[in-house]
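Comments concern the structure below.
Numbering (this note's numbering), first residue to last: 90 to 330.
As structure tokens, this is what we get:
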């Protein structure tokens, strides 16, 4: 295992490609854990949601079950860091997802910076989701199967929100703004966070200093058709038009 490099974001895969249907896992969890002990990911064949906390990977399935897959289990999209907080504060007031993010935004500086965010405490309610696995190729885009996601409502639970804030310029490569998964303290509840209610939460924030992107070299990725971005001004400059 590589020596820990704290607060540097490692990403495997491209969010736009994943959302477009590239769900086959091509990187082992063993490799993921060598790059970070905190983060988020997508399981092989879109089978739920992955959450990485304290070096342990949790897979929350659409059945509602949360398991700990082995090191050879694969992921199609993951982003992790070795987490070391730069700033810790308490969210004292009763908050929901929206108001908590407003409070966090007040405590982080720089909309164009990258942050890893860990929120722990007791929650009166947490609402999460997970997708069932896909089966037949060609795989549909994620937006076309959103009706298949399973929703979970947890009451009076204790656990951790694992997440990131990423700036606009990484959208498409990753997902801009805030993105959180939940894992309960007993490791039995989890998923992609849609909403929550809580008070007296402890928030720990790490400023991410760099970004390392790795992609698959398989034919599915090489043949994926990315949307053309409107970079006419840059093209004119580079080509001296």
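We put the CB at the ideal spot given by N, CA and C, even for glycine.
query, result
"Among 174, 275 and 311, the one whose alpha carbon lies nearest that of residue 249", "275"
"Three or more C-beta pairs below 8 Å linking the stretch 293 to 311 and the stretch 234 to 248", "no"
"Paired residues, beta bridge with residue 132 - DSSP", "164"
"Paired residues, beta bridge with residue 148 - DSSP", "139 and 156"
"Check whether residue 157 and residue 128 have beta carbons under 8 Å apart", "no"
"For residue 299, three-class secondary structure by DSSP", "coil"
"Bridge-paired residues (DSSP) for residue 170", "127"
"Exposed unless 16 or more other CB atoms sit within 10 angstroms - verdict on residue 305", "buried"
"Residue range of the beta strand (DSSP E) that includes residue 121", "Run containing residue 121: none in the beta strand (DSSP E); it sits in the alpha helix (DSSP H), 118 to 122."
"Distance between residue 167 and residue 307 (C-alpha atoms, nearest Å)", "17 Å"
"Rounded C-alpha distance that separates residue 215 from residue 302", "31 Å"
"Cut-off 7 Å between Cβ atoms - residues of its own chain near residue 277, not counting five sequence neighbours on either side", "155"
"Contact check, residue 150 vs residue 137, beta carbons under 8 Å", "yes"
"Spatially closest choice to residue 253 from 111, 161 and 201, by CA coordinates", "201"
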